[in-house]
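The structure appears right after this line, and notes come after that.
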Amino acid sequence: MTYIQIFLIFLLSGITQGALGFGFAIISVPLLTLILPIKIAAVVVLLLGFITNLQLVIRLRKHVDLKIVSTPVVFSIIGRLTGTYILINSAGDVLRVILGIFLVLLSIYFFRYSTKIKIHASFLNGSIAGSLSGLFGGMFNISGPPIVIYYISSINDKMKYAACMQITMTTSSVFSILIHILYGNIDWNVLTYVGTGLAAAIAGSLLGLYIFTKINKENLNKIIYIFLMLMGVILVIR
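Our numbering applies: residue 81 is where the sequence shown begins, and numbers increase by one.
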């Protein structure tokens, strides 16, 4: 029964990732921790998220804009180092609630005024978005929201947005995977669960990507801001 549950969890997570460009961890982590220890669940989600993002990068590689993506990627790595340090030395529950409230307020603001706000692709904006993305990724394994807001506002082309999102998420995940390898957290047990969820995550992401191509940019923006709001509420409740 556990393996069936894992399959269904990663199918849903993959669909979310493919359709919105993010959300894999926020869907899979809470559900997976109901049936697996948190330490194992976190590593399984990290590895499957990396694989899912990587295959989406391969499919969307022609749409990647290196000029836009390079700055956020570099600063997201720096942010991850800082976020990991804060996680180790701070009260994680308090920080998680603060992040949740911030996401709710930010989502409401952008949902109402997104057509009037334009965040341009620049070194300053990219460095801020990348740093915050890495910071949140290091502290909570939730790196999507800051970089989503930056890309969805500064990139008009849907496919370019999706490609830049996936390559940013994939690159930042490498750092976390290396840490888990160094600490010996990736063992045969973890790989067994990864194998169970692999087909579901990939199939779900492809289905999600198909859904993504059918959504117009305006509706996509609204769906993303609503999902960010829900992420914030979940973080506060947890």
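Yeah, the Cβ is synthetic: ideal placement off N, Cα and C, and Gly gets one too.
Note to self: So for His200, helix, strand or coil by DSSP?
What the structure shows: Counted from its first residue, the sequence shown places residue 200 at position 120. Coil at His200, not helix or strand.
Notebook entry, point to check: Quick one, are the C-beta atoms of Thr248 and Ser207 less than 9 angstroms apart?
Noted result: Indexing the sequence shown from 1 puts residue 248 at position 168. Indexing the sequence shown from 1 puts residue 207 at position 127. No, these two residues do not count as a Cβ contact at 9 angstroms.
Notebook entry, point to check: Could you give the residue range of the alpha helix (DSSP H) that holds Tyr263?
Noted result: For the purposes of this step, residue 263 is taken as the residue at position 183 of the sequence shown. Where Tyr263 is concerned, there is no enclosing alpha helix (DSSP H), given that its DSSP letter is neither H nor E.
Notebook entry, point to check: Should Val144 and Gly210 be called a contact, given that it needs their Cβ atoms to be closer than 9 angstroms?
Noted result: Taking the sequence shown and counting its residues from 1, the one referred to as residue 144 is at position 64. Taking the sequence shown and counting its residues from 1, the one referred to as residue 210 is at position 130. Here Val144 is not near Gly210, since their CB atoms are 9 angstroms or more apart.
Checklist line | Supposed contact pair Leu215 and Gly312 - C-beta distance, whole angstroms, cut 8 angstroms | finding: Counting from 1 along the sequence shown, the entry for residue 312 is found at position 232. Counting from 1 along the sequence shown, the entry for residue 215 is found at position 135. Between the beta-carbon of Gly312 and that of Leu215 there is about 16 angstroms, and that puts the pair past the 8 angstroms contact cut.
Check: Quick one, are the C-beta atoms of Leu116 and Ala243 less than 9 angstroms apart?
Finding: Mapped onto the sequence shown, residue 116 falls at position 36. Mapped onto the sequence shown, residue 243 falls at position 163. If you check the CB distance, Leu116 and Ala243 do not come in under 9 angstroms.
Check: How do the stretch 283 to 299 and the stretch 82 to 95 stand: do at least 3 beta-carbon pairs fall below 8 angstroms, yes or no?
Finding: Output reads yes: the stretch 82 to 95 touches the stretch 283 to 299.
Margin query: In whole angstroms, give me the CA-to-CA distance for Phe90 and Gly103.
Written below: Residue mapping note: residue 90 aligns to position 10 of the sequence shown, counting from 1. Residue mapping note: residue 103 aligns to position 23 of the sequence shown, counting from 1. The alpha-carbon atoms of Phe90 and Gly103 are separated by roughly 11 angstroms.
Notebook entry, point to check: When DSSP labels each residue in this structure, what does Leu116 get in the three-state scheme?
Noted result: For this step, residue 116 is matched to residue 36 along the sequence shown. Residue state, collapsed to three classes: coil.
Next item on the list: Closer than 6 angstroms by C-beta to Thr113: which residues in its own chain qualify, once you throw out the five before and the five after it? Chain order, please.
Entry: In the sequence shown, counting from the first residue as 1, residue 113 sits at position 33. Closer than 6 angstroms at Cβ, skipping near neighbours: Ala121.
Item checked: Spatial neighbours of Val149 in its chain, beta-carbon cut-off 7 angstroms, leaving aside the 5 residues before and after -> Sequence index remark: in the sequence shown, residue 149 carries index 69 (1-based). Excluding residues within five positions, the ones whose Cβ falls inside 7 angstroms are Cys244, Ile247 and Thr248.
Margin query: Suppose you measure from the CA of Ile317 to the CA of Gly275; what does that come to, to the nearest Å?
Written below: Taking the first residue of the sequence shown as 1, we reach residue 317 at position 237. Taking the first residue of the sequence shown as 1, we reach residue 275 at position 195. The straight-line gap from Cα to Cα measures roughly 31 angstroms.
Next item on the list: State the CB to CB distance for the pair Ser233 and Lys198, rounded to an integer number of angstroms; the pair is presumed to be in contact (CB under 8 angstroms).
Entry: Taking the sequence shown and counting its residues from 1, the one referred to as residue 233 is at position 153. Taking the sequence shown and counting its residues from 1, the one referred to as residue 198 is at position 118. Between Ser233 and Lys198 a beta carbon distance of about 6 angstroms is seen, short of the 8 angstroms cut, so the two are scored as contacting.
Note to self: Please state the DSSP three-state secondary structure of Phe182.
What the structure shows: Numbered from 1 along the sequence shown, position 102 holds the residue referred to as residue 182. Helix at Phe182.
Margin query: With a threshold of 7 angstroms on Cβ separation, who are the neighbours of Phe255 within its own chain once the five nearest residues in sequence on each side are excluded?
Written below: Residue numbering aside, residue 255 sits at position 175 when the sequence shown is read from its first letter. Taken in chain order, the residues that qualify are Ile157 and Arg160.
Margin query: Rounded to whole angstroms, what is the Cα-Cα separation between Ile257 and Ile282?
Written below: The residue labelled residue 257 in the question sits at position 177 within the sequence shown. The residue labelled residue 282 in the question sits at position 202 within the sequence shown. So the alpha carbons of these two residues sit roughly 19 angstroms apart.
Item checked: Within 9 angstroms, strictly: CB atoms of Ala279 and Leu88 -> Position 199 of the sequence shown, counted from the first residue, corresponds to residue 279. Position 8 of the sequence shown, counted from the first residue, corresponds to residue 88. In terms of Cβ geometry, Ala279 and Leu88 do not form a close pair [threshold 9 angstroms].
Check: So Val270 packs on Val124, CB below 8 angstroms; how close in whole Å?
Finding: Residue 270 sits at position 190 when you count from the first residue of the sequence shown. Residue 124 sits at position 44 when you count from the first residue of the sequence shown. The pair is a contact, with the Cβ atoms about 6 angstroms apart (cut-off 8 angstroms).
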